[in-house]
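K.L.:
Residue numbers (my numbering): 653 to 839.
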Amino acid sequence: SKETRQILPRIGAALRQTATTYQRPVRPFRAALQGRKAWKWPARLLRDLRYACSPLPAVPPHWKAEHVSRFDTSLDTCLATPLPDAIRSERGSALLNYWLECPAARMAGYLIRSQGETIGYFLTSSVPNTARIADIWVRISSVDQWMAAYGLAFRTATQSDVLTVETMTSHPSAREALDRMGLRRSD
653 SKETRQILPR
663 IGAALRQTAT
673 TYQRPVRPFR
683 AALQGRKAWK
693 WPARLLRDLR
703 YACSPLPAVP
713 PHWKAEHVSR
723 FDTSLDTCLA
733 TPLPDAIRSE
743 RGSALLNYWL
753 ECPAARMAGY
763 LIRSQGETIG
773 YFLTSSVPNT
783 ARIADIWVRI
793 SSVDQWMAAY
803 GLAFRTATQS
813 DVLTVETMTS
823 HPSAREALDR
833 MGLRRSD
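#1: What does the Cβ neighbour count give for Asp-724, buried or exposed, with the cut at 16 atoms within 10 Å?
#2: Which residues share a DSSP beta bridge with Asp-787?
#3: Should the stretch 788-801 be regarded as contacting the stretch 746-758, the criterion being three or more beta carbon pairs within less than 8 Å?
#4: Given a threshold of 16 other Cβ atoms within 10 Å of its Cβ, counted over all protein chains shown, does Glu-818 qualify as buried or as exposed?
#5: Quick check on the DSSP output: the alpha helix (DSSP H) that includes Pro-824 runs from which residue to which?
#6: Among the residues of its own chain, which have a CB less than 8 Å from the CB of Val-795, if the five just before and after it don't count?
#7: Taking the Cβ atom as the reference point for each residue, do Val-814 and Ser-778 lie within a distance shorter than 9 Å?
#8: Around the Cβ of Leu-748, are there at least 16 other Cβ atoms within 10 angstroms (buried) or fewer (exposed)?
#9: Exposed or buried, Ile-659, counting other C-beta atoms within 10 Å across all chains shown (16 or more means buried)?
#10: I'd like the list of long-range same chain contacts for Glu-718, defined as Cβ closer than 7 Å, with 5 residues on each side in sequence excluded.
#11: Rounded to whole angstroms, what's the CA-CA distance from Ser-812 to Cys-705? Just pull it up for me.
#12: Can you pull the DSSP bridge partners for Met-820?
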């Protein structure tokens, strides 16, 4: 809130990173039909068509999203690679498996594999009409790699019957990748 942002500096807290939320409409016509009671629906449809028609980035042909029902401890070695210029909470297979058991949304876990090697992961959550890329990580943290990882995650998330895919990030390279992908900021 505005009040919190005013109070925190007074007690010595400093802003390190901010989180940004992004959306990509997937089925804008169906979304517009659901919201036709609102007078803004024609403008929203045009806006959503613009974002829905922007192409997703290419994914390297050797990258695959492998669905897993549980993450095994072999992922922990991959997660030990630090990301430069990013504040990131501790991640491990135990925490990711805990998230997969979330009762409030349908969760799914995926390993990002390149030529048989695990180079990252992502988690998706689904509630009616919306899929969320709840967490994503790639070992190589260039903007192009983030774009490829998000492209793979967005393609995977849109395979279900959703109207919108959302994600949030505070990582600078991931934010730049999502901005370059032409996604709609919703903050």
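Heads up, the beta-carbon is just placed ideally off N, CA and C, and yes, glycines get one too.
P.N.:
In short, the structure shows the following:
#1: exposed
#2: Leu-775
#3: no
#4: buried
#5: 824-832
#6: Ser-825, Glu-828, Ala-829, Arg-832
#7: yes
#8: buried
#9: Exposed, since its Cβ has fewer than 16 Cβ neighbours within 10 Å.
#10: Tyr-762, Leu-763, Arg-765
#11: 18 Å
#12: Thr-673
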